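All remarks here apply to the structure that follows.
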Amino acid sequence: SGFSIPPTFKTGYQYSGMGYTTVIEAAMPPLVARHTHEEFMDLPQIDKAAMPLFGNSWMVLEYLKNGDLSMCAAYVAWLLRVTKGFAIKIVNPGGTEAWGWGKNVHGLDDEVPYFGITPREIVTGLTKVNEMLGLPHSVHVHPNNLGHPGNWETTIDTMDCVKDIKAKPKFGDRDTVYYNTHLQFHSYGGTSWKDCVSKGVETADYVNKHKHVMIDVGQVTLDETTTMTADGPMEYDLHMTNGLKWANCDVELETGSGVVPFIYSPKGPVYSLQWAIGLDIFLYTNPEKLILTTDHPNAGPFIRYPRVIAWLLSKEYRDDWIQNRVHKWAAEKSHITETDREYSMYDIAQITRANSSKVLGLSGDRGHLGVGAKADISIYDIDPEEKSGKKIEKAFLEAAYVLKDGDVVVKNGNVVKEVYGDTIFVNAEINESLEAELLKDLNMKFKKLYSVNMENYPVQDAYANSWMPINIDATEIQ
């Protein structure tokens, strides 16, 4: 729909109108990367990048099962280069591959059918590979058991399994090795929806105490939206829950996906609890450790960022929702009424700009106003002490001015100049002999298993308005 999934042009205009100038697509099936870049070419106003999916790739599973981290690193580098991708995305590691057989994995040590490898080995292996290559961003992980009561233990176990791996970026200055996306969906206690409770404080406590982790929240906005994810079995579960239409797709050797419309009613007890869990995470996590997201469009459309900001800046506005708009489970099964905390404007700048640029490895030229930064600047017409939720929402929905590369592109929320940004990707160079060994193996796999020829797989240079390559030298890997 135009609300939860706006077309490409509207997407660019809306992000720009709110003051955002760089946006990341966090799940790109490698086989259809060309289509992603076709949409990027139509997406005005913003710089963008895409994260290819690796956590259910047959090649990754095979190399990691065999303990061949060098070949896995070579494959990751090659795939990032040929798909013009940016980072390693892991979704339901091993579970989406299992879904191809009508199955799933439910814990870190469940074995992936027919591959003899576990989610723990996938996550730790790809994290090691990420640091071997020295990529700008850490692994970007959607853990197992998304959306299931009791999943908070799996979430913390997954974070914990990579705590001893050291960050070694060759570009940027991140100091984390693990990024847990949409933590709200992974912070559920209990054994069923009847006894489900928020574990947002517990997951926040782990994040606060461990330097290797960064998170985004995935705040439920209580809207009608569309869910779409590479977690195929989870989408089937949603379909069985709400009875709405369900689309399911297998992407050959690489991943799978699903799409289900979803209605987060503010009067629904579970949906209100999900809303509160996200706010628990916001209110109990150090603002230096998290990023504002709605897992667009899964927990809600990105156009609701201003409303989330209003909930954080104004306890009065938050309390109005708790008392008058949402189900009583929001207060009874979470901790949001136990704190008076309100974010500052500085905190908002951190969770919408500074933190994301640092963890992505892009803080050299964006996310700050220092020397060497791009002149991508957003100006909002609001009193920093304002507590009216409606006024806060309006101010952050319609930026007073937005500059892109020094040019004014937005005034009062309206686009006044159309521009097209860069597509950012990682160009990782690996050892020639290692790449030759990899290509020999891939040639065989393409001939036997893929529906396309290997020569037709790469994304050509024509598929961007302008490229911004990040060059990484990983030739030391043998």
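FYI, UniProt numbering numbers position 389 of the sequence shown as 389, with every residue one higher than the one before it.
The beta-carbon is built from N, C-alpha and C at its ideal position, and this holds for glycine as well.
Keep in mind the model is a prediction, meaning the values are calculated, not measured.
In three-state DSSP terms, what is residue 471? Reading the sequence shown from its first residue, position 471 is the one you call residue 471. DSSP, reduced to helix, strand and coil, places residue 471 within a strand of the structure shown.
Flag this pair as yes or no: are the beta carbons of residue 38 and residue 8 separated by less than 7 Å? As a first step, residue 38 is located in the sequence shown; it is residue number 38 there, counting from the start. As a first step, residue 8 is located in the sequence shown; it is residue number 8 there, counting from the start. No, the pair does not count as a contact, with Cβ atoms beyond the cut-off.
With a cut-off of 8 Å on the beta carbons, I'd call residue 273 and residue 330 a contact; round off their distance for me. If you number the sequence shown from 1, residue 273 lands on position 273. If you number the sequence shown from 1, residue 330 lands on position 330. Residue 273 to residue 330, Cβ: 6 Å. Contact.
For residue 278, I'd like the list of residues in its chain whose CB is within less than 6 Å of its CB, leaving aside the five on either flank, ordered along the chain. Sequence index remark: in the sequence shown, residue 278 carries index 278 (1-based). Cβ neighbours of residue 278 beyond the five flanking positions: 184, 217, 219, 220.
Considering only the alpha carbon of each residue, which of 245, 233, 240, 266 lies closest to residue 256? Residue numbering aside, residue 256 sits at position 256 when the sequence shown is read from its first letter. Residue 256 has its Cα closest to that of 233, out of 245, 233, 240, 266.
From 423, 451, 410, 42, pick the residue whose C-alpha is nearest to that of residue 470; which is it? Sequence index remark: in the sequence shown, residue 470 carries index 470 (1-based). Nearest option by C-alpha distance: 423.
Leaving out five residues on either side along the sequence, give the residues of the same chain with a beta carbon under 6 Å from the beta carbon of residue 287. Locating residue 287 in the sequence shown gives position 287, where the first residue counts as 1. So the qualifying residues of the chain are 347, 350, 351.
For residue 108 and residue 157, the rounded distance between their alpha carbons: Taking the first residue of the sequence shown as 1, we reach residue 157 at position 157. Taking the first residue of the sequence shown as 1, we reach residue 108 at position 108. One C-alpha to the other measures close to 8 Å.
Ignore the nearest five residues each way along the sequence and tell me which others in residue 142's own chain have a CB closer than 6 Å to its CB. As a first step, residue 142 must be located in the sequence shown, where it is residue number 142. So the list reads 91, 181, once near-sequence residues are dropped.
By alpha-carbon positions, which one of 474, 99, 21 ends up nearest to residue 249? Here residue 249 refers to the residue found at position 249 of the sequence shown. Minimum Cα-Cα distance from residue 249 among the listed residues 474, 99, 21 corresponds to 99.
Boundaries of the alpha helix (DSSP H) in which residue 242 is found, first to last residue: By one-based count along the sequence shown, residue 242 stands at place 242. Here the alpha helix (DSSP H) through residue 242 covers 232 to 242.
Looking only at DSSP bridge pairs, what is residue 429 linked to? Residue mapping note: residue 429 aligns to position 429 of the sequence shown, counting from 1. Beta-bridge annotation (DSSP): residue 429 is paired with 473.
Using only alpha-carbon positions, find the residue among 270, 49, 111 that is nearest to residue 464. Here residue 464 refers to the residue found at position 464 of the sequence shown. Selected option, being the one with the closest Cα: 49.
Are three or more beta carbon pairs between the segment 60 to 68 and the segment 121 to 130 nearer than 8 Å? Because the criterion of three Cβ pairs below 8 Å is met, the segment 60 to 68 and the segment 121 to 130 touch.
Near residue 154, what residues of its chain come up, given a Cβ to Cβ distance below 7 Å and the 5 sequence neighbours on each side ignored? Start at 1 with the first residue of the sequence shown, and residue 154 comes out as number 154. Within the same chain, residue 154 has close Cβ partners 107, 108, 143, 144, 145.
Leaving out the 5 sequence neighbours to the left and right, which residues in its chain are closer than 8 Å to residue 270 when beta-carbon positions are compared? Numbered from its first residue, the sequence shown carries residue 270 at position 270. So the list reads 193, 196, 329, once near-sequence residues are dropped.
In terms of DSSP beta bridges, what is residue 247 paired with? Residue mapping note: residue 247 aligns to position 247 of the sequence shown, counting from 1. Per DSSP, 259.
Among 261, 204, 214, 97, which one has its Cα closest to the Cα of residue 115? Indexing the sequence shown from 1 puts residue 115 at position 115. Nearest option by C-alpha distance: 97.
Applying the criterion that 16 or more other CB atoms from any shown protein chain within 10 Å of the CB defines a buried residue, is residue 29 buried or exposed? Taking the first residue of the sequence shown as position 1, residue 29 is located at position 29. Per the 10 Å Cβ criterion, buried.
Enclosing alpha helix (DSSP H) for residue 52 [first to last residue]: As a position in the sequence shown, residue 52 is number 52, starting the count at 1. Under the DSSP assignment, residue 52 falls outside any alpha helix (DSSP H), being part of the beta strand (DSSP E) whose first and last residues are 47 to 52.
What three-state label does DSSP hand residue 84 in the structure shown? Translated into the one-based positions of the sequence shown, residue 84 becomes position 84. It is coil, neither helix nor strand.
Please name the residue in 187, 85, 420 whose C-alpha comes closest to that of residue 147. On the sequence shown, position 147 is the one that residue 147 refers to. The shortest C-alpha to C-alpha distance from residue 147 to any of 187, 85, 420 is the one to 187.
For residue 314, is the classification buried or exposed, using 16 other Cβ atoms within 10 angstroms of its Cβ as the cut-off for buried? Within the sequence shown, residue 314 is the residue found at index 314, counting from 1. By the 10 Å Cβ count, residue 314 comes out buried.
Report yes if the C-beta distance between residue 264 and residue 222 is below 7 Å; otherwise report no. Residue mapping note: residue 264 aligns to position 264 of the sequence shown, counting from 1. Residue mapping note: residue 222 aligns to position 222 of the sequence shown, counting from 1. Yes.
Where are the beta strand (DSSP E) runs, 3 residues long or more, that stay fully inside the segment 4 to 58, in chain order? Correct list: 22 to 28, 47 to 52.
For residue 400 versus residue 380, is the C-beta distance shorter than 7 Å? Position 400 of the sequence shown, counting from 1, holds the residue named residue 400. Position 380 of the sequence shown, counting from 1, holds the residue named residue 380. At a Cβ-Cβ threshold of 7 Å, residue 400 and residue 380 count as neighbours.
Do three or more CB pairs link the segment 294 to 304 to the segment 316 to 325 at distances below 8 Å? Contact between the segment 294 to 304 and the segment 316 to 325 is absent, because fewer than three Cβ pairs lie under 8 Å.
Beta-carbon proximity check, residue 515 vs residue 244, cutoff 7 Å: A query on residue 515 cannot be resolved here, the shown segment of the chain reaching from 1 to 478 and no further.
Would you kindly work out how many angstroms separate the C-alpha atoms of residue 16 and residue 52, rounded to a whole number? Indexing the sequence shown from 1 puts residue 16 at position 16. Indexing the sequence shown from 1 puts residue 52 at position 52. Computed Cα separation, rounded: 24 Å.
Apart from the five residues on each side of it in sequence, which residues of its chain come closer than 8 Å, Cβ to Cβ, to residue 211? Translated into positions along the sequence shown, residue 211 becomes position 211. Scanning its chain for C-beta atoms nearer than 8 Å, with the 5 sequence neighbours on each side dropped, one finds around residue 211 the residues 175, 176, in chain order.
Quick one: residues in its chain with C-beta nearer than 6 Å to the C-beta of residue 388, no 5 flanking neighbours on either side, listed in chain order? Along the sequence shown, read from residue 1 onward, the residue named residue 388 stands at position 388. Taken in chain order, the list of residues that qualify is empty.
Residue 22 beta carbon less than 7 Å from that of residue 42: Taking the sequence shown and counting its residues from 1, the one referred to as residue 42 is at position 42. Taking the sequence shown and counting its residues from 1, the one referred to as residue 22 is at position 22. Cβ atoms of residue 42 and residue 22: not closer than 7 Å.
Does residue 434 pass the burial test, meaning 16 or more other C-beta atoms within 10 Å, or should it be called exposed? Working through the sequence shown from its first residue, we reach residue 434 at position 434. Per the 10 Å Cβ criterion, buried.
Residue 229: buried (16+ other C-beta within 10 angstroms of its C-beta) or exposed? On the sequence shown, position 229 is the one that residue 229 refers to. Here residue 229 is buried. Its C-beta has 16 or more other C-beta atoms within 10 Å.
Taking residue 477 and residue 135 to be in contact with their CB atoms under 8 Å, please state how far apart those CB atoms are, rounded to whole angstroms. Taking the first residue of the sequence shown as position 1, residue 477 is located at position 477. Taking the first residue of the sequence shown as position 1, residue 135 is located at position 135. Wrong, their Cβ atoms sit about 13 Å apart, outside the cutoff.
Who does residue 444 pair with in a DSSP beta bridge? Position 444 of the sequence shown holds residue 444. Residue 444 pairs with nothing; no bridge assigned.
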